[in-house]
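Residue numbers (the numbering used here): 25 to 398. All residues carry an ideal CB built from backbone N, CA and C; glycine is no exception. Here the structure is laid out as structure tokens; the discussion comes afterwards.
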Amino acid sequence: MRQRTTRARWNIWSALLLVVALAVAACAPQSADTTGSTNTTAAVDAGTNLGDTLNIATWPNYHDPETIKRFTAETGVNVNISVFGSTEEMEALLRAGNSGMDIVVPTHYAVPGWIADGLIEPLDYAKMGNPDLSGWNPLFIDQPFDPGNRYSIPKNWGTTGIIYSPAVGDPVTSWSEFFDRAKTDLDGRAVIVDHQISTIGSAAVAMGYDLNTTDPDELAKIEAMLVELKPHLWAITSDVQPAIRNGDSWVSMAWTGDGVQVVRDNPDFVYVIPDDGGELWVDNWTVAADAPHRDAAYAFLEFILRPENSAADTAFILFPHANPAVLPFLPADVANNPVIYPDQEAISRMTLSSAEAYNSEARAEMWARVKSSS
Numbered sequence: 025m026r027q028r029t030t031r032a033r034w035n036i037w038s039a040l041l042l043v044v045a046l047a048v049a050a051c052a053p054q055s056a057d058t059t060g061s062t063n064t065t066a067a068v069d070a071g072t073n074l075g076d077t078l079n080i081a082t083w084p085n086y087h088d089p090e091t092i093k094r095f096t097a098e099t100g101v102n103v104n105i106s107v108f109g110s111t112e113e114m115e116a117l118l119r120a121g122n123s124g125m126d127i128v129v130p131t132h133y134a135v136p137g138w139i140a141d142g143l144i145e146p147l148d149y150a151k152m153g154n155p156d157l158s159g160w161n162p163l164f165i166d167q168p169f170d171p172g173n174r175y176s177i178p179k180n181w182g183t184t185g186i187i188y189s190p191a192v193g194d195p196v197t198s199w200s201e202f203f204d205r206a207k208t209d210l211d212g213r214a215v216i217v218d219h220q221i222s223t224i225g226s227a228a229v230a231m232g233y234d235l236n237t238t239d240p241d242e243l244a245k246i247e248a249m250l251v252e253l254k255p256h257l258w259a260i261t262s263d264v265q266p267a268i269r270n271g272d273s274w275v276s277m278a279w280t281g282d283g284v285q286v287v288r289d290n291p292d293f294v295y296v297i298p299d300d301g302g303e304l305w306v307d308n309w310t311v312a313a314d315a316p317h318r319d320a321a322y323a324f325l326e327f328i329l330r331p332e333n334s335a336a337d338t339a340f341i342l343f344p345h346a347n348p349a350v351l352p353f354l355p356a357d358v359a360n361n362p363v364i365y366p367d368q369e370a371i372s373r374m375t376l377s378s379a380e381a382y383n384s385e386a387r388a389e390m391w392a393r394v395k396s397s398s
């Protein structure tokens, strides 16, 4: 799947890009220490030669092309975007070594493992103009996945929720309703995403467990529920939009980008953050430990962290930004869109997915069994 702002994980094009990227050789010096908490206007020394190339590993359609062009016009650095369908693919590239990538944009739950294994470097805040993160949304700053944001800075964030069409009749407002009704009055009309973090987590919430559970007994009960559910589903796919748009599906698990697009194009449809909670996630700017164009990477981060540039990116991709200073630069229909920027009460029900859940072999194996069950 790849509508403009969706987050589908695995696809053949991403796999092909991975093969190509693995052929790129790179070498890099050691990074400077992380320091700084006050904004300045200068990121890179005037005498620094940035070179003419910057390589970014990121999600499909996750950057405003016009903003990229402005960076090139300002610095002379050409930006190469390599698209990946999952954090797992990005990780495989980094672990293979000599990735050729300078900036990588993983989801937060991968960051602890990448730090521990030396895949990303401590950020040199001085080279980014010493951005002050103290006013950013505290949900995404100084979190356990990266205390002090020494290795990562939020790009954009989102939720995992439910889209439903008018065909459902009574609204579907919780994960418990979603999974129950998928086997009853919505039999054959529900879609769940092909991503263990989101689907196992949402099923866990529906059953009264923690989103990030790795408890063997709880996972066994979740597996039994999902295996029972599978024959009643329209599909397990991260490409959720086509089925709900054409009426094959009436209700679907979805990420923020899906919700924004579907509701924008079909005002009678609804995207909800479930009453019983669910997944919150944030993608992050990081610098690869083997970055071949380190100075260009930091020049880009200084540029994109300027609120007006982050706003242009946000208005293009339609995922919310963690810096409130971005809001005044956004069009009103973006800044005031409750699908993009849910209210605080809704967000308070959400939980950041965890590195433990991401790295859980038990969850990965369980999800494989669910998908292969008949």
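Between which two residues does the beta strand (DSSP E) harbouring A81 extend? T77 to T82
How would you label A230, buried or exposed, when you count the other beta carbons within 10 angstroms and need 16 or more for buried? buried
Excluding the five sequence neighbours on either side, which residues of its own chain have a C-beta within less than 7 Å of the C-beta of N383, listed in chain order? G137
Shortest alpha-carbon distance to R94 belongs to which of F340, F327 and V350? F327
Which whole runs of the alpha helix (DSSP H) in the segment 286-354 are 4 residues long or more, in chain order? 318-328 and 331-341
Cβ distance (whole Å) where D76 is taken to contact A315 below 8 Å: With a Cβ gap of about 15 Å, D76 and A315 do not count as contacting.
By Cβ distance below 7 Å, which residues in the same chain neighbour N63 in space, the five residues on each side in sequence not counted? At N63 the pLDDT is 35, less than 50, meaning the model places this residue with poor confidence; the figure from the coordinates comes in the next sentence. Only G153, N154, P155 and D156 meet the Cβ criterion.
Taking Cβ positions, are I297 and R373 nearer each other than 8 Å? In this structure, the beta-carbon distance from I297 to R373 falls below 8 Å.
Mind checking which residues open and close the alpha helix (DSSP H) that includes M114? Its alpha helix (DSSP H) spans residues T111 to A120.
Quick check: what's the CA-CA separation for R387 versus P195? 30 Å
From what residue to what residue does the alpha helix (DSSP H) around P136 run? V135 to A140
Measuring CA to CA, which of V306, L257, P291 and N104 is closest to S398? L257
Please state whether DSSP places K179 in a helix, a strand or coil. strand
Threshold first: 4 residues or longer. Then list the alpha helix (DSSP H) segments lying entirely within the segment 194-276, N to C. 199-205, 220-230, 240-253 and 265-270
Do you know how far the Cα of S106 is from the Cα of V48? Since pLDDT at V48 reaches only 37, below the 50 mark, its modelled position is unreliable, and no value is offered.
Using the three-state DSSP reduction, which class does T58 fall into: helix, strand or coil? In this predicted model, T58 has a pLDDT of only 29, less than 50, meaning its place in the structure is not dependable enough to derive any value.
Do three or more CB pairs link the segment 109-120 to the segment 365-372 at distances below 8 Å? no
If you check the beta carbons only, do I216 and I246 fall under 8 Å apart? In this structure, I216 sits away from I246, with a CB-CB distance that is not shorter than 8 Å.
Just to confirm my understanding: we take R269, look at its own chain, exclude 5 residues before and 5 after, and list those with CB closer than 8 Å. What are they? V286, D289 and N290
Can you name, in chain order, every residue of its own chain whose Cβ lies under 8 Å from the Cβ of G159, other than the five neighbours on each side? Correct list, in chain order: N347, P348 and A349.
For E90, count neighbouring Cβ atoms within 10 angstroms of its own Cβ and tell me buried if that reaches 16, exposed if not. exposed
On the criterion of 16 or more Cβ atoms from any shown chain inside 10 Å, does P162 qualify as buried, or is it exposed? exposed
Rounded separation between P84 and D211 - CA only: 32 Å
6 Å CB neighbourhood of Y188 in its chain, flanking five on each side removed: V196, V275 and V294
Using the three-state DSSP reduction, which class does V107 fall into: helix, strand or coil? DSSP places V107 in strand when its eight states are reduced to three.
Might you give, ordered along the chain, the residues of its own chain that have their beta carbon closer than 8 Å to the beta carbon of I92, omitting 5 neighbours on each side? V103 and I105
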